[in-house]
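Structure first, then comments.
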Amino acid sequence: MSSAKEKRANQQLFEKADFDLGDLLGGSKAKSLDALANGTKAETADPIGAIDYENLTNEQAAGQEISATLAAFKQRAQTEQARFEAATDSEFWLGVCFQTRAQKEAFLQGVNMLQHGDKYIDGELLAKRMGIALPEADVPYNVSAKPDKKLAAMVLEEKS
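Residues 1 to 160 (the working numbering) are what the sequence shown spells out, left to right.
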């Protein structure tokens with residue numbers, strides 16, 4: 001069993017950790033997508049690498065490890081929340097309707113897009129053709145070479 005002194009020291013360490021369970025579980029929304037701006041895979045720093053173990057007592061080192069690890073969890077939760085919001089945002093498309101097919105085709109011909117399809121048009125290409133400058137977008141896509149097992153199972157094997 002722990003002594004009263006050890007229990008008191010542990011309680012003090014926990015209080016110093018600035019613990020917020022809501023943040024740890026992703027409850028706070030990230031304010032921007034800056035976490036995604038540098039590519040699809042962020043480099044993770046060692047959260048306890050900067051601790052000066054030589055000049056600390058075991059209790060101090062443990063407290064700093066807990067605080068640093070908690071801060072890393074909070075940062076990861078915010079990054080994951082931003083990634084999730086970007087991956088599940090469905091407000092990136094629009095529909096344009098005309099009264100007749102002839103009107104639709106006249107419009108597509110007028111903006112020099114008919115050769116690019118008549119149902120689904122690349123918005124960036126259409127904006128470029130219309131002289132509209134769009135804001136930059138660095139959208140991370142899953143480009144892993146690892147195939148999805150469920151989708152791969154649906155593919156019929158080619159017969160040679």
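Glycine residues also receive a C-beta, built at the ideal position from the N, C-alpha and C atoms.
Next item on the list: Let me know the secondary structure DSSP gives E136 once reduced to three states.
Entry: Correct three-state label for E136: coil.
Next item on the list: Could you round the C-beta distance between L108 and D118 to whole angstroms and report it? I think they count as a contact, below 8 Å.
Entry: Correct: roughly 6 Å between the Cβ atoms.
Check: Quick check: the region 64-73 against the region 41-56, are there 3 or more CB pairs under 8 Å?
Finding: The region 64-73 is in contact with the region 41-56.
Item checked: Closest by C-alpha distance to G131, when choosing among D138, H116, Y120 and N112 -> Checked all of D138, H116, Y120 and N112; the closest Cα to G131 is N112.
Note to self: Quick test of your reading: Y53 and A61, contact by CB under 8 Å. State the CB separation rounded to the nearest angstrom.
What the structure shows: Between Y53 and A61 a beta carbon distance of about 5 Å is seen, short of the 8 Å cut, so the two are scored as contacting.
Check: What number of angstroms, rounded off, separates the C-alpha of A133 from the C-alpha of L114?
Finding: Taking the straight line from one Cα to the other gives about 21 Å.
Notebook entry, point to check: Can you name, in chain order, every residue of its own chain whose Cβ lies under 8 Å from the Cβ of F98, other than the five neighbours on each side?
Noted result: Non-local beta-carbon contacts of F98 in its own chain, meaning distances under 8 Å to residues more than five positions away in sequence, involve K104 and F107 in chain order.
Check: Can you tell me whether K74 is buried or exposed, with buried defined as 16 or more other CB within 10 angstroms of its CB?
Finding: So K74 ends up on the buried side.
Checklist line | Opening and closing residue of the alpha helix (DSSP H) in which I66 lies | finding: DSSP places I66 inside the alpha helix (DSSP H), whose first and last residues are N58 to T88.
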